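Participant: Per this note's numbering: the sequence shown = residues -7 to 991. Positions of the beta carbon are idealized from the N, C-alpha and C atoms, including for glycine. None of these values were measured; they are calculated from a predicted model. Take a look at this one; I'll ask things after.
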Amino acid sequence: MTGAVQGAGGGQGLSSPRPPGLAQATTLFAVPTTPSQHAAAFLVGLAMLALFLIGAMGAKTPVGNIPGLLPAYAVIILVTDLLTSFLIASQFLLSGNRALLWLVGGYAYSGIMAVLQVAALPGAFAPLDPDGPLSQSALWLYTAWHMAFPLAVLGFARRQRQAPPPVAADARKTLALGVGGGAVLAAGLTLVVVLFSIDRWLPRVTLVNTYNNDVVVKVIYVAMLLINFCTPAILVSVTKVRTVGHLGLLISTVALAMDTLLNGLGLARFTLGWFLARADGAIASSVVLLLLLAEMVSLYRRVHLMNGQLNAQRERLLALTGDLDRARRTAEEARLVAERANAAKSDFLANMSHEIRTPMNGVTGMAQILLDTPLTTQQRGYAEIIRDNADALLGVINDILDISKLEAGKVTLERLQFNLDELVDGVLAILGPKARDKGLEIGALVHEGAIGMWWGDPTRIRQVLLNLVGNAIKFTAKGAVSVDVKLLGDGAAMPEQTRRLRVTVQDTGIGIDPAQAGKLFQMFEQADSSITRRFGGTGLGLAISRQLVELMGGSIGVESTPGEGSTFWFDIPLERAAAPSRAVQPLGDRLRGRRALVVDDTPVNRLILVHHLMTCGMAVDEASGGIQARNHLLRAMAAMDGALEGACADGNQATLPDVILIDHHMPELDGPGLAAWIRAEPRLAGVRLLLASSLEAPAGRESLFDAVVPKPIRRPQLLEALAKACGLRGELADTTAEPRAAPPTTAATGRILVVEDNITNQTIASVLLEKAGYQVQIAEDGAQAVRACLQTRFDLVLMDVQMPVMDGIEATRRIRAVDGRVPPMPIIAMTANAMAGMKEEYLAAGMDDYVSKPFKSDRFLETVGRWLAERAPQAVAEPDETTLLLEPRVLARLERTVPPADFRALVDGIVSRGRARLDAVLDLTAADATEALREATRDLAVMADSCGLVQLAGRARQLGDSLAHPDGGADVAGQLRALADLGHRSWDALRQRFLGVPV
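This is the structure:
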């Protein structure tokens, strides 16, 4: 179907954009014809053909003027054509189809012209004057009528083919009225022109009602005949008569053509052919009108049915809307119930965490204290069993709390700078002893692109990695466990400086059936039920890992083959930190060009060692065991002696190594045995030997090796061992020293207040602290703690949170209100509440840090010692002016947590505002505004205090006190001069310390 036909009467080709769901208007020129309509049109065509044949056979038979017939004919044509014009105009108003305007004008013009033509006929309405001007004008009006209507139909067909866009809805009515009025005006103008032209330019058409045989008349008649017969053919070719409107238009044009032909066959007026031509036109016009009216009635009936259906749908939608409102209210009520239940669950978990961890602290703490006392072997074994089982129970409790926090959405990620390779090394340092106890090899390889500093949550990454590596060790009886960290391709678009890292943990353990692997990351699920009985565990670790990785924006998965091992991996996006990582090769060029031989029967260990050595610029050979290494060295020595013109097995020139790294435990020939053979060979006297071992160097054979590298292999220890073996220890110290001061070493002294209501916890904390050398005082609730701090100066407070009388948070607020020391006394929370958000609440209350119950003695004492050392005065020989003016620890804590660029901008703003406040104080001095000056000095003191400028803050407060008591005899002018000098030096010191800007 062409675009023109599609658009007929408002079809698809002419449809304007409509909102979704709004149906296109249905018109007579868009509704397809039906078989019954085709049958009716066929019958009409037969009737018109019968009239034509009768008229053709008796066309010249004179009949005479039949009174009243011609007026009736005129009325019929006028009424049917005007009604048809109105119907088509209504279709135009619905669809906006521009082509319909031709038909609106054509039918209106036809109706008017039919009346004018009949009125001019002699004997009808005009006087009986066959050859008079009015009689001649009737024939010319007939000609204009029968040529104008086909031309209007052809205009309609042409616009159908062009398929123009529809007329805007607000302009349709005006345009339709204008076209109809224009058709009436055109009919009137036609009458005026014809009457004016008679007897001047137009020839006579009849002579006493007989048509003139003039050539001009014949030419005009033939042209009119051609137009009328070509019009139906063109209409059919363009529209294919697919709609009711097209079918009616075809009947009208065919009837007009037959009318024209019969009129010419009669050769005169008032003949049988002449009258039958009029009858043919009247019948066709009536049939077309009836056809269109019937279809209009059918359309309106369908519209009425559609309205009924729409009303029924509206009622159903209203009912559905009511159901949805009720469902929404029910869902809202269910949400509120779920939130209350979730809050109750969180409160329950918090309480259970406290209630479970408190007695657990007694069990683990007393077990640790017991193990530090003299015990028999049997007693020590019992105590270790108590400690190990308590740790296992605590691990289960922590897993349950973690999964509860994740499900409740209460786990928030931190954004801290961390060193990824150090994090991985730390995980191996924690789990290395477990691997060693099982006789497993364990190692990690952090590829070049992943080494260095990143922004992220190191605690959660470490938790996931500990779980995966711990599982790999647990389910591996022999072989190796390896960790591989590398950058992935860019993949999906990510923010600038953000990269996606893949961490892979591979083992040689029991493996997993692929059909069971999908269940591993679900809660309380393991590959099969026997695993729990054989290896223990709750099945929560991997579920927690999956949720943590997804929370970080990553994904996690597993690939495994039963009996061959498993490979767990997770991908996470991390932002590269601006701070550069440490140099990969701290030994500089001293190792570049040297050759090393790596001897290890475990491929993972060889891969890690080769990677680390090649990053130092060394050439590296490999041997998979002691026998292979010995053969390699024999070939190299033979090649050097000229006895062997060949090469090594891989085709390279055989060369003796400068350094040999040897694994301790290998089949056939172990590390010490290989080292003894090497030391016995004079030609290998200059080769440096390093032992890679999970244990110390074998007793009595220490002299065989120049250095020992502990397993799991970590790059710093490997480089240190190389420096020792190659005599580069001094350079190593110079190149690896970091530009930071060593942490101060402080003796375990100090007065500590332990605030705890549980007697067992009091005992554990006091025993651990007193054994470390601290003085301890006990307070049983927060109120006692506040009174104790008012009476005694403590160096540190360990504060329980949940206590009777006054809890730890309120006690901390009150202590902070009365403690004016700078820096303030450290207060560390002791809590059994591990729920999310608690740490932030403790810090907001004024606490500096927290330790979780049950206590781990080493971590507990490390936290106490760290805070005491940080707040202790530093022993320095000659402090410079910056040290005297500035307490840097105030801003240093912020420097560790804020990105470098943001921190520099922050410090720069602080310095600018501080100088402005100092200038404001000096300006107010000149203005003699005492009260405003006091306020300005108070603001300056507060800002200086918050930045660690303790001297400036004290001097500003002193000036404020002097201004408050003008009769005290203080030298205000001298204090102002001293404040100005001290202020400028203080802000310069702050800028130099944190921005590196020279003063």
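1) If you measure between the beta carbons of residue 96 and residue 77, is that distance less than 8 Å?
2) Just list the alpha helix (DSSP H) runs in the region 762 to 793, keeping only unbroken ones of 4 residues or longer that don't cross its boundaries, in chain order.
3) When you compare the CB positions of residue 105 and residue 132, do they come within less than 8 Å of one another, or not?
4) Residue 504 to residue 461, Cα distance in whole Å?
5) Assuming residue 423 contacts residue 436 under a Cβ cut-off of 8 Å, what Cβ separation, rounded to an integer in Å, is found between them?
6) Give the DSSP-derived three-state secondary structure of residue 684 in the structure shown.
7) Where do the N-terminal and C-terminal ends of the alpha helix (DSSP H) with residue 506 fall, by residue?
8) Pick helix, strand or coil for residue 562, following the three-state DSSP scheme.
9) Counting only the same chain and skipping the five closest in sequence on each side, list residues whose C-beta sits under 6 Å from that of residue 651.
10) Less than 8 Å separating the beta-carbons of residue 821 and residue 793?
11) So, does the region 433 to 450 touch the region 470 to 481, judging by three or more C-beta pairs under 8 Å?
12) What residue range does the beta strand (DSSP E) around residue 943 cover?
13) Rounded to whole angstroms, what's the CA-CA distance from residue 189 to residue 91? Just pull it up for me.
14) Among the residues of its own chain, which have a CB less than 8 Å from the CB of residue 564, if the five just before and after it don't count?
15) Let me check one thing: in DSSP terms, what residues is residue 842 bridge-paired to?
16) Within 10 angstroms of the Cβ of residue 160, are there 16 or more other Cβ atoms? Answer buried if so, exposed if not.
17) Where do the ends of the alpha helix (DSSP H) carrying residue 98 lie?
18) Using the Cβ count rule (16 or more neighbours within 10 Å means buried), how would you classify residue 468?
19) So residue 747 packs on residue 789, CB below 8 Å; how close in whole Å?
20) Tell me where the beta strand (DSSP E) around residue 478 begins and ends.
21) With the cut-off set at 8 Å, would you say residue 987 and residue 900 are in Cβ contact?
22) Assuming the contact rule is C-beta atoms closer than 8 Å, residue 256 and residue 213 should be a hit. Round their C-beta distance to whole Å, please.
23) Out of 584, 614, 618, point me to the one whose CA is closest to residue 598's CA.
24) Note the first and the last residue of the continuous alpha helix (DSSP H) segment covering residue 670.
25) From the DSSP output, read off the bridge partner residues of residue 447.
26) How long is the line joining the alpha carbons of residue 425 and residue 514, rounded to whole angstroms?
27) Helix, strand or coil: which one does DSSP assign to residue 756?
28) Is there contact between the region 364 to 383 and the region 407 to 420, where contact requires at least three CB pairs shorter than 8 Å?
29) Over what stretch of residues does the alpha helix (DSSP H) that includes residue 539 continue unbroken?
30) Do you know how far the Cα of residue 707 is from the Cα of residue 610?
31) With DSSP run on the structure shown, which of helix, strand or coil describes residue 493?
32) Would you say the region 243 to 257 touches the region 276 to 287, given that touching needs at least three Cβ pairs under 8 Å?
33) How about residue 549 and residue 459: are their beta carbons less than 8 Å apart?
34) Taking the continuous beta strand (DSSP E) assigned at residue 702, which residues delimit it?
35) Within the continuous beta strand (DSSP E) that includes residue 931, where are the two ends?
36) Would the beta-carbon of residue 29 fall within 8 Å of that of residue 183?
Facilitator: To lay it out plainly:
1) yes
2) 774 to 783
3) no
4) 16 Å
5) Going by Cβ atoms, the distance from residue 423 to residue 436 rounds to 11 Å, so no, they are not a contact pair.
6) strand
7) 506 to 509
8) strand
9) 588, 680
10) yes
11) yes
12) Segment 942 to 956 is the alpha helix (DSSP H) holding residue 943; no beta strand (DSSP E) there.
13) 33 Å
14) 448, 453, 492, 493, 495, 541, 544, 545, 546
15) 821
16) exposed
17) 92 to 111
18) buried
19) 7 Å
20) 472 to 479
21) yes
22) 6 Å
23) 614
24) 663 to 671
25) 409, 567
26) 29 Å
27) helix
28) no
29) 533 to 543
30) 15 Å
31) strand
32) yes
33) no
34) 699 to 702
35) First-last for residue 931: 922 to 939, but that is the alpha helix (DSSP H), not the beta strand (DSSP E).
36) no
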